[in-house]
Structure formats: C-alpha cells, structure tokens
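All residue numbers for the sequence shown refer to the numbering used here, where the first residue is 556 and numbers rise by one.
Virtual Cβ for every residue (Gly too), placed ideally from N, Cα, C.
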Amino acid sequence: MSVVDYEFGNDGKRRIDLRKHHERSTHRKAPKSDNVYLKLLVKLYRFLARRTDAPFNKVVLRRLFMSRINRPPISLSRIAANLKNGNENKTVVVVGTVTDDNRLLTVPKMSVAALRVTATARARITAAGGQVITLDQLALEKPTGANTLLLRGPKNAREAVKHFGFGPHKNKKPYVRSKGRKFERARGRRRSRGFKV
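In structure tokens:
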C-alpha cells in the first residue's frame with residue numbers, strides 16, 4: 556500500500572493526502588523543567604548541535620530534554636569500570652547525576668562533566684586528583700565532544716521496575732501488603748513455609 560493517497564479538490568486538481576499528517580511526534584522538543592540553568596544549557600547545546608557536525612552535541616541536547624526517570628544516576632564504580640581499556644584519559648560526560656559508591660575503595664583519577672555531582676562523589680574525585688566540571692565548561696573545552704566518554708546510569712534499576720510485566724512466569728515482584736510470617740509466604744506449597752499439601 557502506498558503511503559500517499561490522492562484526493563481531488565473543488566477545482567478538479569489532484570492533491571496529495573498524506574496518511575500520517577494527523578499523527579503527532581511524542582518526543583520532547585524542549586525540557587518540561589522551569590530550571591533556568593537547564594534552559595541555558597539547552598540554548599547552548601541547541602546552538603552547538605546546529606553549528607557543529609558532531610553527533611555528540613545532538614545526543615547531549617536530546618538527553619537534556621529527558622525526564623528524571625530517563626536520566627538515571629550513575630555511580631563512581633560504574634564510571635571507574637568504564638574508564639578501563641584505553642579510556643583512562645577521556646572526560647566522562649553524564650547528562651544526569653553522579654553518585655558516590657562506598658563499595659569502591661580507591662577512586663581513580665578522572666575528569667567528569669555532569670549536570671549534578673553529589674557532595675561525597677565530588678570530594679572523592681577531587682581528592683584523587685581528578686576534576687569535576689559543568690556541561691557549559693565542557694562546551695568551552697570540547698565543543699565537538701572529542702576525547703569524551705558519554706555514559707548514563709541503568710534505567711531499569713529502579714525498585715518500581717521489578718513489579719512491571721504482565722502475566723505469569725515474568726518473575727515480577729508482588730506488591731505485598733506487609734512483610735511478615737502471615738503475608739504471602741506460600742503456606743501449603745512448600746515445607747519450608749509451614750506445610751506442604
């Protein structure tokens with residue numbers, strides 16, 4: 556089937572009727588937030604995306620539009636793991652929050668550009684001889700995103716996601732009223748839970 560249909564106007568001339576003319580794009584074209592600093596960043600990266608050929612700026616701009624659920628935090632340990640194998644000298648770019656991970660005993664020297672860095676993560680990065688910069692400082696230093704490593708956190712690591720999925724055998728987590736001996740312990744199904752029928 557053709558995507559283009561033809562219709563005839565009152566003057567008898569043939570006109571194109573596009574099939575999907577009424578379907579609107581649901582992608583964000585601007586952030587919903589009223590944060591003035593975020594809006595300034597969007598202005599800056601809109602300009603860079605238009606005036607440079609670097610796909611990096613287009614990706615950063617698109618991520619600046621995203622909701623907080625789609626900008627999950629990333630931990631220092633995940634950044635450190637990604638900085639191995641020849642990426643040691645790259646600047647890590649995160650359009651989101653960088654958080655500390657107390658399971659990481661030694662923080663390597665790293666350069667991080669992010670929307671937000673928690674106080675502990677910032678202290679540990681600077682103590683290791685690294686630096687933390689903002690995304691507008693990054694635009695001045697690396698306007699095309701050369702020698703950078705663009706990372707993002709795990710989107711589906713939220714507790715809420717564990718409950719998602721319809722139907723049996725999805726291994727989804729039940730919404731239990733309360734945790735205790737009397738609540739959804741599968742009594743009668745296995746011996747470890749009282750008795751087995």
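When C-alpha distances from G735 are compared across N726, R748, A694, the shortest belongs to R748. The beta carbon of P628 sits closer than 8 Å to the beta carbons of G651, T652, V653, T654, G708 from its chain, once the five residues preceding and following it are set aside; these are given in chain order. Leaving aside the five residues that flank D691 on each side, the residues in its chain whose CB is nearer than 8 Å to its CB run, in chain order, L595, L596, L599.
Looking at the DSSP output, G743 bridges to K751.
When the Cα atoms are used, N637 and S733 turn out to be separated by approximately 39 Å. DSSP places F620 in the coil class of the three-state scheme, outside both helix and strand. Closest option to I624, judged by alpha-carbon separation, among V731, V716, N726: V716.
Contact check between the region 663-674 and the region 638-649: three or more CB pairs, one atom from each, fall below 8 Å, which counts as touching.
Bounds of the beta strand (DSSP E) holding T654 are 646-654.
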